[in-house]
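Report on the structure given below.
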Amino acid sequence: MSDRKLTLTDSESGKTLDLPVISGSEGDPTLDISGLHKELGYFTFDPGYGTTASCKSDITFIDGEAGILRYRGYPIEQLAENSSFLEVAYTLLYGDLPTKGQFAGFERNITYHTMVHEKLNTFMQGFQYNAHPMAILSGVVGSMAAFYHDKLDVNDPEQRELAAKRLIAKMPTIAAAAYRHSMGWPSAYPKNSLGYSERFLHMMFSVPAEPYEVNPVAARALDLLFILHADHEQNASTSTVRLVGSTGANPYACVAAGIAALWGPAHGGANEAVLNMLNQIGSVDNVEKFVKKAKDKNDPFRLMGFGHRVYKNYDPRATIIRKQCHEVLAELGKQDELLDLAMELERIALEDDYFVERKLYPNVDFYSGIIYKALGIPTSMFTAMFAIGRTVGWVSQWLEQAANPTRIGRPRQVYTGAGERGYVPIENR
Ligand code: CMC
């Protein structure tokens, strides 16, 4: 901690308090307000936690003004260009890029855990065929504690690591099974001779009646999307995982809660909402009308895939995805008029004062759906794809917290309800 401080004076009591400044390795200085209530009797009010740091973390750094994202210090652009999703997963979990030997061991280990308990497949059959995959995913992941309860001592680092690996390994298996369930297809078991993303595509699309070859362009595109979604510091779903984790709950319950938080359209559900929105806009001629709608404060409509709490500049992930979108479509020999529509929407919005003044740029979800669509992934699965990638971030953050437990997360409130009043018997009301 530095000597820097901020001195507060209470105009009523005249009391002063020095709030120490915590400086991380990078990023804005942060006030330590933990003594504020004890010393001056005040709570702080920060709805949406826009100016609150909830923890210290070594994992991911974002500079929203500059549009910078780094995992463990490595710029996202370099990881996207050179790395693989599993290598990024290792790096997020353990702190450094792996050596060849470390990577081989990790990959073997993750691959070993890809199958799910057969009873879990049976459990999945209980869902309605038209259930949303995110409902199935959160339910089934939450139920994992019932299937893998043999090693669930959260105070044992080895058991924590095993749970983290199980989650990373099994999430694609469960997500693909949720899709197959909606299609009425028989279960597909993970083919462990394939890499992480190839295996997922195989589990999604192979059927017993036909041969299925994974397209390497599709597998690489998917791997890249998983890399870009792998972590994003204390976003809503990760904060949910940490908050649930602070109670000592098991990791499957924590991650199931994270999946539920991700599903919302303001968060990971935006990728599905973007595609629905583009379909609703329908043609380039309608773009202006929808931009106008998005600016109308009396209309709840927002441009999905636009804006971000932290980025007040282009989301660096969106820059990578935008480029990737053109490349994937070209390599797969596909054309999609939704891409033209998205580009026109982006062009008009970025020239519009409303979006410029509020620094609303396309975010990670704006173009990802067009790639998923090109890979044959149905819209309802988009947020589940996000969840597969983000599982690595959730478990890395959960492991970090579990290794250095803090107090239970327990915010306070500004009470605005009735003052004390007496109970009135029902016959007198
Ligand atoms: N369309 C139109 N207006 C917007 C939009 C949008 N997409 N996003 C923000 N605004 C306006 C908002 O109405 C407000 O205007 P004013 O100052 O006049 O009241 C201003 O911009 C600031 O917005 P905010 O709601 O205070 O910003 P926030 O930080 O609380 O919300 C957000 C961030 C991402 C939830 C929001 O921008 C949004 O709803 N975007 C659309 C959904 C979306 O794409 N979500 C994915 C986020 S990135 C991936 C992820 O986290 O999963």
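Using the working numbering, the first residue of the sequence shown is number 690, and each one after it goes up by one.
The beta carbon of each residue, even a glycine, is placed where N, CA and C say it ideally should be.
Since the structure is predicted, the reported quantities are computational estimates derived from the model, not experimental observations.
Exercise. Just checking my contact of Arg1006 with Leu786 at CB under 8 Å: how many whole Å lie between their CB atoms?
Worked result: About 20 Å separates the two Cβ atoms, so there is no contact after all.
For this session: Could you check which residue in Ile1037, Ala945, Leu890, Thr936 has the C-alpha nearest to that of Lys984?
Result: Checked all of Ile1037, Ala945, Leu890, Thr936; the closest Cα to Lys984 is Ile1037.
Exercise. Is the closest heavy atom of the ligand CMC to the C-beta of Leu964 under 7 Å?
Worked result: No heavy atom of the ligand CMC is found nearer than 7 Å to the CB of Leu964.
Problem set entry | From His1015, Glu1020, Thr749, residue whose alpha carbon lies closest to that of Leu1028 | With distances taken between Cα atoms, Leu1028 lies closest to His1015.
Exercise. How far does the beta strand (DSSP E) with Val710 in it reach, from first residue to last?
Worked result: First-last of the beta strand (DSSP E) with Val710: 705-711.
Exercise. Closest by CA to Pro897, which one among Val980, Glu887, Arg869?
Worked result: That would be Arg869, whose Cα lies nearest to the Cα of Pro897.
For this session: Within 10 angstroms of the Cβ of Thr780, are there 16 or more other Cβ atoms? Answer buried if so, exposed if not.
Result: Classification of Thr780: buried, given that the 10 Å Cβ count is 16 or more.
Exercise. Going by C-alpha distance, which of Lys1048, Asn965, Val830, Leu1030 is nearest Gly947?
Worked result: Of the candidates Lys1048, Asn965, Val830, Leu1030, Val830 places its Cα closest to the Cα of Gly947.
Problem set entry | Own chain residues within Cβ distance below 7 Å of Tyr1061, not counting five before or after | Excluding positions up to five away in sequence, the list reads Phe1071, Met1074.
For this session: Starting from the C-beta of Val930, find all residues in its chain whose C-beta is less than 7 Å away, skip the five residues before and the five after it, and write them out in chain order.
Result: Around Val930, the same chain offers Cys943, Val944, Ala946, Gly947, Trp1083, Gln1086, Trp1087 as residues with beta carbons nearer than 7 Å, after the five sequence neighbours per side are excluded.
Problem set entry | Where Tyr1104 sits in the DSSP three-state scheme | Reduced to three states, the DSSP call for Tyr1104 is coil.
Exercise. Any chance the stretch 784-804 sits against the stretch 849-861, with 3 or more Cβ pairs inside 8 Å?
Worked result: Yes, the stretch 784-804 is in contact with the stretch 849-861.
Exercise. Smallest Cα separation from Thr1068: which of Asp717, Glu847, Gly958?
Worked result: Distances from the alpha-carbon of Thr1068 to those of Asp717, Glu847, Gly958 put Gly958 closest.
Exercise. Any heavy atom of the ligand CMC closer than 7 Å to the CB of Val829?
Worked result: Judged by the Cβ position, Val829 fails to qualify as a neighbour of the ligand CMC at the 7 Å threshold, every heavy atom of the ligand being at least this far.
For this session: Return the residue from the list Gly703, Val1081, Leu708, Tyr731 that minimises the CA-CA distance to Ala919.
Result: Comparing Cα-Cα distances from Ala919 to each of Gly703, Val1081, Leu708, Tyr731, the minimum goes to Val1081.
Problem set entry | Cβ-based neighbour list, Tyr1056, same chain, cut-off 7 Å, excluding 5 preceding and 5 following | Within its own chain, the residues whose Cβ lies closer than 7 Å to the Cβ of Tyr1056, once the five positions on either side in sequence are excluded, are Ala1007, Ile1010, Arg1011, Cys1014, Ala1031, listed in chain order.
Exercise. Quick check: the stretch 766-784 against the stretch 949-965, are there 3 or more CB pairs under 8 Å?
Worked result: The stretch 766-784 vs the stretch 949-965: no contact.
Problem set entry | Given Pro879 as reference, the closest of Ala1019, Ala755, Phe889, Met872 once Cα atoms are compared | Per the C-alpha coordinates, the member of Ala1019, Ala755, Phe889, Met872 positioned closest to Pro879 is Phe889.
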